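Worksheet: the structure to be examined is printed underneath.
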Amino acid sequence: MAGTPEGVRKAAATRLGLSLAEYEEHLDAGLLWCWRCREWHPAAEFATDRNRGRGRAAACRRTQNAAARHTYTPRARARGRRYVDARDDDRHQARRRVNHLVDVGLLPPPDSVACTDCGHLGNGPRHEYDHHLGYAPEHHEHVEVVCSACHHRREGARRG
Ligand SMILES: [Zn+2]
Ligand SMILES: [Zn+2]
1 MAGTPEGVRK AAATRLGLSL AEYEEHLDAG LLWCWRCREW HPAAEFATDR NRGRGRAAAC
61 RRTQNAAARH TYTPRARARG RRYVDARDDD RHQARRRVNH LVDVGLLPPP DSVACTDCGH
121 LGNGPRHEYD HHLGYAPEHH EHVEVVCSAC HHRREGARRG
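Heads up: the sequence shown at position 133 corresponds to 133 in this note's numbering, and the numbers run straight through without jumps.
Right under this line is the structure:
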């Protein structure tokens with residue numbers, strides 16, 4: 001894609017087992033790689049994302065919508081534990097609560113879950129729980145796993 005440094009395209013091609021020329025043939029044909037489907041789709045099937053080098057989301061709309069429905073919300077409560085009421089807009093309380101849910105095993109450790117935005121899993125950036133709906137009391141336990149790079153991007157986008 002225009003504006004994407006060659007090194008980045010080369011690394012992307014290698015990850016897919018393609019030569020740089022083969023990779024660029026796909027881009028020239030107006031196709032983009034979808035990490036969730038693990039296949040190429042026409043660019044129009046991806047939501048616009050100006051924060052990304054390629055200007056489009058990393059996964060197609062169809063799977064993004066499906067993934068959004070699977071956003072993790074813990075249902076079960078640790079037995080016998082009393083929670084203080086969630087305070088509105090208290091991000092520290094919300095984060096402590098999520099850390100606690102990880103500690104007691106009601107949420108998986110974030111590094112063990114693929115990044116919601118780019119699909120990253122394994123070595124490299126650490127993963128974090130993002131309060132993607134904000135810090136209203138009813139959303140303290142509504143979180144998505146993102147890698148630190150995507151988390152940073154999300155926070156930048158929220159600030160506008
Ligand atoms: Zn797809
Ligand atoms: Zn990511």
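Where is the CB? At the ideal position from N, CA and C, for every residue including glycine.
Please read these numbers as outputs of a predicted model, since none were measured by experiment.
At a threshold of 8 Å, does residue i count as lining ligand 2 (C-beta to nearest heavy atom)?
i	result
His-120	yes
Pro-110	no
Asp-49	no
Val-143	no
Cys-34	no
Val-146	yes
Pro-5	no
Pro-125	yes
Run the proximity test for residue i: is its beta-carbon closer than 8 Å to any non-hydrogen atom belonging to ligand 1?
i	result
Arg-62	yes
His-41	yes
Cys-115	no
Ala-150	The question names Ala, but residue 150 in the sequence shown is Cys. No, since every heavy atom of ligand 1 falls outside the 8 Å radius drawn around the Cβ of Cys-150.
Ala-12	no
Ala-44	no
Ala-59	yes
Restricting to Cα atoms, I'd like to know which of the options is closest to residue i.
i	options	result
Pro-5	Asp-103, Arg-153, Arg-54, His-131	Arg-54
Gly-134	Cys-118, Asp-90, Asn-123, Cys-115	Asp-90
Ala-44	Cys-37, Arg-36, Ala-57, Asn-51	Ala-57
Ala-29	Gly-105, Leu-18, His-41, Cys-37	His-41
Val-8	Arg-52, Asp-130, Arg-154, Gly-119	Arg-52
Val-241	His-132, Thr-116, His-120, Ala-114	Here the chain covers residues 1 to 160 and nothing more, so residue 241 does not appear.
Arg-62	Arg-50, Arg-15, Cys-37	Cys-37
Cys-118	Gly-17, Phe-46, Gly-105	Phe-46
Decide if residue i is buried, meaning its Cβ has at least 16 other Cβ atoms within 10 Å, or exposed.
i	result
His-92	exposed
Cys-150	buried
Pro-110	buried
Ala-157	exposed
Glu-107	Correcting the residue type first, residue 107 is Leu in the shown sequence and not Glu. Per the 10 Å Cβ criterion, buried.
Ala-59	buried
Original post:
If we count Cβ pairs, one from each stretch, closer than 8 Å, do we get three or more for the stretch 81–96 versus the stretch 145–152?
Top reply: no
Original post:
Three or more beta-carbon pairs under 8 Å between the stretch 113–126 and the stretch 9–28, yes or no?
Top reply: Segment contact: the stretch 113–126 against the stretch 9–28, fewer than three CB-CB distances shorter than 8 Å; contact not assigned.
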